[in-house]
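Remarks on the structure that follows.
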Amino acid sequence: GEKVEQHESTLSVREGDSAVINCTYTDTASSYFPWYKQEAGKSLHFVIDIRSNVDRKQSQRLIVLLDKKAKRFSLHITATQPEDSAIYFCAASPYTEGADRLTFGKGTQLIIQP
Amino acid sequence: AQTIHQWPVAEIKAVGSPLSLGCTIKGKSSPNLYWYWQATGGTLQQLFYSITVGQVESVVQLNLSASRPKDDQFILSTEKLLLSHSGFYLCAWTSAETLYFGSGTRLTVL
Numbered sequence: 002g003e004k005v006e007q008h009e010s011t012l013s014v015r016e017g018d019s020a021v022i023n024c025t026y027t028d029t030a031s032s033y034f035p036w037y038k039q040e041a042g043k044s045l046h047f048v049i050d051i052r053s054n055v056d057r058k059q060s061q062r063l064i065v066l067l068d069k070k071a072k073r074f075s076l077h078i079t080a081t082q083p084e085d086s087a088i089y090f091c092a093a094s095p096y097t098e099g100a101d102r103l104t105f106g107k108g109t110q111l112i113i114q115p
Numbered sequence: 005a006q007t008i009h010q011w012p013v014a015e016i017k018a019v020g021s022p023l024s025l026g027c028t029i030k031g032k033s034s035p036n037l038y039w040y041w042q043a044t045g046g047t048l049q050q051l052f053y054s055i056t057v058g059q060v061e062s063v064v065q066l067n068l069s070a071s072r073p074k075d076d077q078f079i080l081s082t083e084k085l086l087l088s089h090s091g092f093y094l095c096a097w098t099s100a101e102t103l104y105f106g107s108g109t110r111l112t113v114l
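Chains as they are written, first to last, in the numbering used here: chain A, 2 to 115; chain B, 5 to 114.
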């Protein structure tokens, strides 16, 4: 089955700098890649996703890049703010429609330093 | 707008005791519903999914069971809790192409 690896377990950046969280996946059939944010003690909140028909997607300060050849995708947060501090989870699914059978990475704790 | 409600918010239970967690979604007809489990400090594991009333598919065996008695309700249960059942249980549903999570139930088994 699919395996999703999140390379940074913890990432610390200064407020205002950019943060990059990287994930790799194993199943070439994966075509849907969402990202979720989990603040301390809370549930997961959807932030952005990308599908395999594009290699870049941006929503305000969030940019997702997808490299299908390398089976790698990444979340870039620009101009980081204190409220960006959270655990970020990447995920992958082989289904082009919907989010069935998502496989999640282990999460990256993002710390924004003042 | 759709809303998803999970209950209880938290539970502290003894090993060997029964458990029932619930999830209700409003404002969405015939949703696909899911149960996920997050071990403390860990990643998420999908446990069950259901696409219609009375039909539940198990994704991983953890001595838990799930049922969908109504279109808008999803129940997770077991007759005998294990220590390893501790964690954060999340109900989720899909809208179009995105998975949305409920607020979760934190379970501590002692």
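Every residue gets a Cβ at the ideal spot worked out from N, C-alpha and C, and that includes glycine.
Would residue i pass as an interface residue toward chain B - the criterion being a Cβ-Cβ separation below 8 Å?
| i | result |
| --- | --- |
| F74(A) | no |
| L66(A) | no |
| L103(A) | yes |
| F34(A) | no |
| A80(A) | no |
| G108(A) | yes |
| A100(A) | yes |
If distances are taken between C-alpha atoms only, which option among the options comes closest to residue i?
| i | options | result |
| --- | --- | --- |
| Q39(A) | F52(B), T98(B), L114(B) and S107(B) | S107(B) |
| F92(B) | Q59(B), G58(B), S62(B) and L51(B) | L51(B) |
| D85(A) | A30(A), K72(A), S94(A) and I22(A) | I22(A) |
| T109(A) | A30(A), Y37(A) and V65(A) | Y37(A) |
| V13(B) | K43(A), T29(A), S31(A) and D50(A) | K43(A) |
| K74(B) | T56(B), T98(B), T112(B) and L111(B) | T56(B) |
| L66(B) | I8(B), A96(B), D76(B) and L87(B) | L87(B) |
| H8(A) | S94(A), F90(A) and L103(A) | F90(A) |
| H89(B) | T109(B), Y104(B), E101(B) and T102(B) | T109(B) |
| T116(B) | E15(B), Q10(B) and I8(B) | Past the edges of chain B, shown from 5 to 114, lies residue 116(B), and the structure says nothing about it. |
| W85(B) | V19(B), Q49(B) and S54(B) | Note that residue 85(B) is Leu in the sequence shown here, rather than Trp. Answer by Cα proximity: V19(B). |
Where do the ends of the beta strand (DSSP E) carrying residue i lie?
| i | result |
| --- | --- |
| V14(A) | T11 to R15 |
| T56(B) | L48 to T56 |
| Y40(B) | L37 to Q42 |
| N67(B) | Here N67(B) belongs to no beta strand (DSSP E), and DSSP marks it neither H nor E. |
| H77(A) | R73 to I78 |
| S31(A) | Run containing S31(A): none; DSSP gives neither H nor E here. |
| A100(A) | Premise fails: A100(A) is in no beta strand (DSSP E) and is neither H nor E. |
| E6(A) | V5 to Q7 |
| V48(A) | L45 to R52 |
| Q82(A) | Per DSSP, Q82(A) belongs to no beta strand (DSSP E) and is neither H nor E. |
| Q2(B) | The requested residue 2(B) does not occur in the structure, where chain B is confined to residues 5 to 114. |
| L111(A) | T109 to Q114 |
| G91(B) | G91 to S99 |
| L23(B) | L23 to K30 |
Does any residue of chain A bring its CB to less than 8 Å from the CB of residue i?
| i | result |
| --- | --- |
| Y93(B) | no |
| T102(B) | yes |
| G26(B) | no |
| S107(B) | yes |
| T154(B) | Any property of residue 154(B) remains undetermined from this structure, which presents chain B solely from 5 to 114. |
Taking 7 Å as the cut-off, is the C-beta of residue i nearer than that to any heavy atom in the ligand PLP?
| i | result |
| --- | --- |
| R15(A) | Among the components of this structure there are no ligands whatsoever, and the ligand PLP is therefore not found. |
**Message:** For the region 40 to 63 of chain A, list every residue whose C-beta sits within 9 Å of some C-beta in chain B, in sequence order.
**Reply:** G42, K43, S44, L45, H46, F47, D50 and R52
**Residues of the region 30 to 50 of chain B whose Cβ lies closer than 9 Å to any Cβ of chain A, in chain order** = N36, Y38, Y40, Q42, G45, G46, T47, L48, Q49 and Q50
**Message:** With a threshold of 8 Å, are at least 3 pairs of Cβ atoms found where one atom belongs to the region 23 to 36 of chain B and the other to the region 67 to 84 of chain B?
**Reply:** yes
**Asked** Looking at C-beta atoms only, is the number of pairs between the region 69 to 83 of chain A and the region 8 to 20 of chain A that lie closer than 8 Å three or more?
**Response** yes
**Prompt:** What residues from the region 11 to 33 of chain A come within 8 Å of chain B, judged by C-beta to C-beta, listed N to C?
**Reply:** Y33
**Request:** Compile a chain-ordered list of the residues in the region 55 to 74 of chain B whose CB is closer than 8 Å to at least one CB of chain A.
**Result:** V63
**Asked** Are three or more beta carbon pairs between the region 32 to 41 of chain B and the region 94 to 104 of chain B nearer than 8 Å?
**Response** yes
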